[in-house]
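Trainee: Encoded as structure tokens, here's the structure I'll be asking about.
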Amino acid sequence: MSTWREALKAGEEMLVRAGVPDGAYDAWALMEFAFAMEKSYYFLHADDKMEEKQRERYQEVLEKRAERIPLQQITGSAWFMGYEFYVNDHVLIPRFDTEILVEEAGKLLKQERKLLDLCTGSGCVLLSLLAEHRGLNLTGVGVDISPQALEVAKENARRLDVKAELVESDLFSSVEGKYHVITANPPYIASKEIGQLMPEVRDHEPHLALDGKEDGLYFYRKIVEQAPDYLEESGWLCLEIGYDQGESLKTMMEEQGYDQIRIVKDLAGLDRVVIGQKNGKIRRKENV
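Just so you know, we're using my numbering here: the sequence shown kicks off at 3 and counts up by one.
As structure tokens, this is what we get:
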């Protein structure tokens, strides 16, 4: 019968052999998850023998991770903006880089205005903004084409104790009203690049939330063109983008007539967010 220390070491080795990035961290995270174990307890009991049921339980979650199922899907939990979000395989796992979208959009919010989040997924962008700015008495709406994703977002709204309207919609198809800020983190990976992604992403996260069609810009074109119909005068469009898409989005927004366009870089110095403001000169393409 193994001790806790021996089991953890064996778990680390198993995940490293499976090619899991940072297998040592994940081996501990899975032990912590499987047994609700704090490190202080582990250090006090590291040389105690595990019971057979405990060993089997730990092996079960290790095998899932060795199959490259993301850690967050196994635990059902991902941290974002200091909040713990429920996740499953129907939504993208919130990324640290997306916090830049939340931070930049948050600077534009005003008292008692409306906020729309397209492709809301887990709701991490919308719900973080509402939670971070409770004092502004905002009205928040999140839309997604996936009803399963919206169920995840509803659960996260409950957990964060924020009110949001969550609507099944293909981008703007079921959206009504005008908004001061529209945010979106749409699918932006070119179809041909999906197969080159890490197994955790390629095989276990929803392609519906990843695939940006031929050049990765398909959904941006739709959003940039249609957003003015749903923005207040001088309202803002804030988009997360891929590292190599900044100039393309900037040009797209310039051609559509947005003002105050700027690209925001992430901590690695890569383009991450593009922002533009609606003005009276913007016209839909079919009206040009």
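The beta-carbon is built from N, C-alpha and C at its ideal position, and this holds for glycine as well.
1. Check whether the Cβ atoms of LYS180 and LYS116 lie closer than 9 Å to each other.
2. I'd like the span of the beta strand (DSSP E) that includes CYS240, first residue to last.
3. Can you give me the Cβ contacts of ASN90 inside the same chain, cut-off strictly under 7 Å, excluding the 5 residues immediately before and after it?
4. Name, in chain order, the residues that DSSP records as bridge partners for GLY142.
5. Just verifying my parser: in three-state terms, what is the DSSP assignment at GLY25?
6. Counting C-beta neighbours from all protein chains within 10 Å, is the total for ARG274 16 or more, i.e. buried, or is it exposed?
7. Taking the alpha carbon of TRP81 as the point to measure from, which residue in THR100, VAL63, GLU69 has its own alpha carbon closest?
8. Would you mind reading off the limits of the alpha helix (DSSP H) that contains ALA151?
9. Apart from the five residues on each side of it in sequence, which residues of its chain come closer than 7 Å, Cβ to Cβ, to SER250?
10. Rounded to whole angstroms, what's the CA-CA distance from GLU216 to HIS209? Just pull it up for me.
11. Are LEU173 and VAL145 closer than 9 Å when you measure CB to CB?
12. Reducing DSSP to helix, strand and coil, say where PHE1 ends up.
13. With a Cβ-Cβ cutoff of 9 Å, do VAL169 and ARG136 count as a contact?
Mentor: Checking against the coordinates, here is how it stands:
1. Indexing the sequence shown from 1 puts residue 180 at position 178. Indexing the sequence shown from 1 puts residue 116 at position 114. With contacts defined by Cβ atoms closer than 9 Å, LYS180 and LYS116 form a contacting pair.
2. Against the sequence shown, residue 240 aligns to sequence position 238. Going by DSSP, CYS240 is part of the beta strand (DSSP E) stretching over 233-242.
3. Taking the sequence shown and counting its residues from 1, the one referred to as residue 90 is at position 88. Counting only Cβ-Cβ distances below 7 Å, and skipping sequence neighbours, we find GLN75, GLY78, VAL154.
4. Against the sequence shown, residue 142 aligns to sequence position 140. Per DSSP, LEU117.
5. The residue you call residue 25 lines up with position 23 of the sequence shown. Under the three-state reduction of DSSP output, GLY25 falls in the helix class.
6. Here residue 274 is taken as the residue at index 272 of the sequence shown, counted from 1. Per the 10 Å Cβ criterion, buried.
7. On the sequence shown, position 79 is the one that residue 81 refers to. Put simply, of THR100, VAL63, GLU69 the residue whose alpha carbon is nearest the alpha carbon of TRP81 is THR100.
8. Walking along the sequence shown from the start, residue 151 turns up at place 149. Counting along the chain, the alpha helix (DSSP H) containing ALA151 begins and ends at 149-162.
9. The residue given as residue 250 occupies position 248 in the sequence shown. Same-chain partners within the cutoff: LEU219.
10. Stepping through the sequence shown from its first residue, residue 216 is reached at position 214. Stepping through the sequence shown from its first residue, residue 209 is reached at position 207. Approximately 14 Å, taken between the alpha carbons.
11. The residue given as residue 173 occupies position 171 in the sequence shown. The residue given as residue 145 occupies position 143 in the sequence shown. A distance below 9 Å separates the beta carbons of LEU173 and VAL145.
12. The structure shown has nothing for residue 1, since the chain only spans 3 to 290.
13. Counting from 1 along the sequence shown, the entry for residue 169 is found at position 167. Counting from 1 along the sequence shown, the entry for residue 136 is found at position 134. Taking 9 Å as the Cβ cut-off, VAL169 and ARG136 do not qualify as a contacting pair.
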